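**Q** Questions regarding the structure given below will be posed in turn.
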Amino acid sequence: MRSMKDRYSVNRMVSFQTILPQWAKKICYSWSLLLLSLLFLSIISASNAQKSDEVSMGTTILAVRYKGGVVVGADTRTSVSGYVSNRYAAKLTFVLDREVDEFVTYANSSPEMPSADASTCVICRSGSAADTQHLASVIRTELVSRKLLYRIRGTVTHVASLLRNLLANEPSLSASLICAGYDGELGRGVIYTITPGGTVFEEKAWAAGGSGSTYILGHLDSCHPKDELGMDSNDQILNSEEEALDFVSKALSLAMDRDGSSGGFIRMYVINKDGKRFVSRFVDKSNERKNSEDSVASQLSLRHFAPAVTRKSSAKLN
């Protein structure tokens, strides 16, 4: 028979063995929760991290309606952080071209007559250069494939709807777009703004976007046509093509003067029922040079200043 001391030691060992797994389970459970929480936080921080060294379309884009069509314009500067990566970038991408649309809709055997309801559409891009280029490429491919396979003509409204679906399904894309052009079915110029979340707004008169647009909103409101009572009206549009060109070029030049991410020259397109026409204008900074401090200092006379000391005179002084 075992003694009382042996029985006590055996019972103590058994009780310790039964308690040990419970403590181990608690410790493992607490550590597993800690590791899972750390893993979850790391995943969230990685998903929210911004892309490094991304080419930004810090820009100024503008679209204006007039009686007969639309005039769109943009600057030509792209940047990576504070570095200007390209001074002559194209930020106006055409996804519907009247000439191409007429060519694609020809039949194989007997060519059809060019249709008068062909549309011309351009996407004014601001945001990430890679994301906006990808969106424009996807839209162009989709429109061409539908024309080839189903003989469906694209319109400006159709392009805005496709962009809305793409941006709504991909919220990570950094893109703020203006979809503008001449809609052949509606028979007039159309302007749509598409937010990064995919919301679409139709603008009756003009639309501006990009980092430089905040500097010219007051100018656009002041130069906007007024109604009969002298009040601002979004339904009023410009009368002629020249007025629209001057309106766009003036606003873009003002934005380029104040916005560090906008620069280069002004690239514009006139879009109407006949198609598109390219117009470029350079910012005139001659008045700025005349009124700058450097030019004023260079024009000052030096006759009241002391004469320069030559080497001979300095040697005599020594």
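For the sequence shown, the residue numbers in mature numbering (1 follows the signal peptide of the UniProt record, and there is no 0) are -49 to -1, 1 to 269.
For every residue, glycine included, the Cβ atom is placed at its ideal position computed from N, Cα and C.
Bear in mind that the values here come from a model prediction, so they are computed numbers and not experimental data.
Please return the same chain residues whose Cβ sits closer than 7 Å to the Cβ of ARG115, not counting the five positions on each side in sequence.
**A** So the qualifying residues of the chain are ILE145, GLY149, VAL151.
**Q** With 16 as the cutoff for other CB atoms within 10 Å, does ASN242 come out buried or exposed?
**A** Per-residue confidence for ASN242 stands at a pLDDT of 46, beneath the threshold of 50, marking its modelled position as unreliable; no derived number is given.
**Q** Once you ignore the five residues that flank SER164 on each side, which residues in its own chain have a CB closer than 8 Å to its CB?
**A** For SER164, where only same-chain residues beyond five positions count, the Cβ hits under 8 Å are THR11, ILE12, LEU13, ALA206.
**Q** Given this structure, state the Cα-to-Cα distance separating ASN223 from GLU121, to the nearest angstrom.
**A** Going from the Cα of ASN223 to the Cα of GLU121 covers about 32 Å.
**Q** Spell out the partners DSSP gives SER77 in its beta bridges.
**A** SER127.
**Q** Keeping to the same chain, check which residues put their C-beta closer than 6 Å to that of THR106; ignore five residues upstream and five downstream.
**A** If we look at THR106 and ignore the five residues flanking it on each side, its Cβ neighbours are SER70, ASP134, GLU136.
**Q** Let me know the secondary structure DSSP gives LYS98 once reduced to three states.
**A** LYS98: helix per DSSP, three-state reduction.
**Q** When you compare each of VAL199, TYR143, ASP52, GLU192 to LEU168 by their alpha carbons, which one comes out closest?
**A** Closest by alpha carbon: VAL199.
**Q** Check whether the segment 90 to 102 touches the segment 16 to 35, counting contact only when three or more Cβ pairs, one atom from each stretch, lie closer than 8 Å.
**A** Touching, no.
**Q** Between GLY78 and the rest of its own chain, which residues show a CB-CB distance below 6 Å, the 5 nearest in sequence each way excluded?
**A** These residues qualify, in order along the chain: MET8, SER125, ALA126, SER127.
**Q** Along the chain, where does the alpha helix (DSSP H) that runs through LYS201 open and close?
**A** Its alpha helix (DSSP H) spans residues 192 to 209.
**Q** Looking only at its own chain, which residues have a Cβ that is under 7 Å from the Cβ of ASP210, when we skip the five neighbours before and after it?
**A** Contacts found: THR11, SER162, GLY163, TYR166.
**Q** Using C-beta distances below 6 Å, list every residue in its chain close to ASN190, excluding the 5 sequence neighbours before and after it, in chain order.
**A** Here the set comprises LYS18.
**Q** Mapping the DSSP letters down to three states, classify GLU154 as helix, strand or coil.
**A** Looking at GLU154 - three-state DSSP - the assignment turns out to be strand.
**Q** Please return the same chain residues whose Cβ sits closer than 7 Å to the Cβ of LEU47, not counting the five positions on each side in sequence.
**A** Closer than 7 Å at Cβ, skipping near neighbours: SER70, THR71, CYS72, LEU94, GLY105, VAL110, GLY132.
**Q** Assuming GLY226 and ARG49 make a contact with CB atoms under 8 Å, what is their CB distance in whole Å?
**A** Sure, about 4 Å apart at Cβ, within 8 Å.
**Q** Can you list, in chain order, the residues of its chain whose CB lies under 7 Å from that of CYS174, leaving out five sequence neighbours each side?
**A** Around CYS174: PHE198.
**Q** What are the start and end residues of the alpha helix (DSSP H) that includes VAL110?
**A** That run of the alpha helix (DSSP H) goes 107 to 120.
**Q** According to the neighbour-count rule (16 or more other Cβ atoms, all chains shown, within 10 Å of its Cβ), is TRP157 buried or exposed?
**A** So TRP157 ends up on the buried side.
**Q** Report the rounded CA-to-CA distance for VAL221 versus SER123, giving the unit in angstroms.
**A** For VAL221 and SER123, the distance between alpha carbons rounds to 32 Å.
**Q** Go through its chain and collect everything with a Cβ distance to SER3's Cβ below 7 Å, but skip five positions before and after it.
**A** Low confidence applies to SER3: its pLDDT is 47, below 50, so where it sits in the model is not reliable enough to give any reading.
**Q** Round the Cβ separation of LYS98 and ARG76 to the nearest angstrom and send it over; I've been treating them as touching at under 8 Å.
**A** Wrong, their Cβ atoms sit about 23 Å apart, outside the cutoff.
**Q** Please state whether DSSP places PHE45 in a helix, a strand or coil.
**A** Three-state result, PHE45: strand.
**Q** Measuring straight from C-alpha to C-alpha, what distance separates CYS(-22) and LEU(-14)?
**A** Spanning the two alpha carbons is a distance of roughly 12 Å.
**Q** Just how far apart, CA to CA, sit PHE229 and THR108?
**A** Answer to the nearest angstrom: the Cα atoms are 23 Å apart.
**Q** Helix, strand or coil for VAL22, going by three-state DSSP, please let me know.
**A** VAL22 falls in the strand class under three-state DSSP.
**Q** Grouping DSSP H, G and I as helix and E and B as strand, with all else coil, what is SER30?
**A** Here SER30 sits in strand by DSSP.
**Q** Rounded to whole angstroms, what is the Cα-Cα separation between LEU113 and HIS85?
**A** So the two alpha carbons sit approximately 13 Å from each other.
**Q** Could you tell me if TYR101 is buried or exposed, where buried requires 16 or more neighbouring beta carbons within 10 angstroms of its beta carbon?
**A** Classification of TYR101: exposed, given that the 10 Å Cβ count is below 16.
**Q** Does the beta-carbon distance from MET219 to VAL21 come in below 8 Å?
**A** Not closer than 8 Å, so no.
**Q** So which of GLU154, GLY214, HIS170, PHE216 has the shortest CA-CA distance to ILE188?
**A** The candidate whose alpha carbon is nearest that of ILE188 is GLU154.
**Q** Does the beta-carbon distance from ALA80 to THR29 come in below 8 Å?
**A** Yes. Within cutoff.
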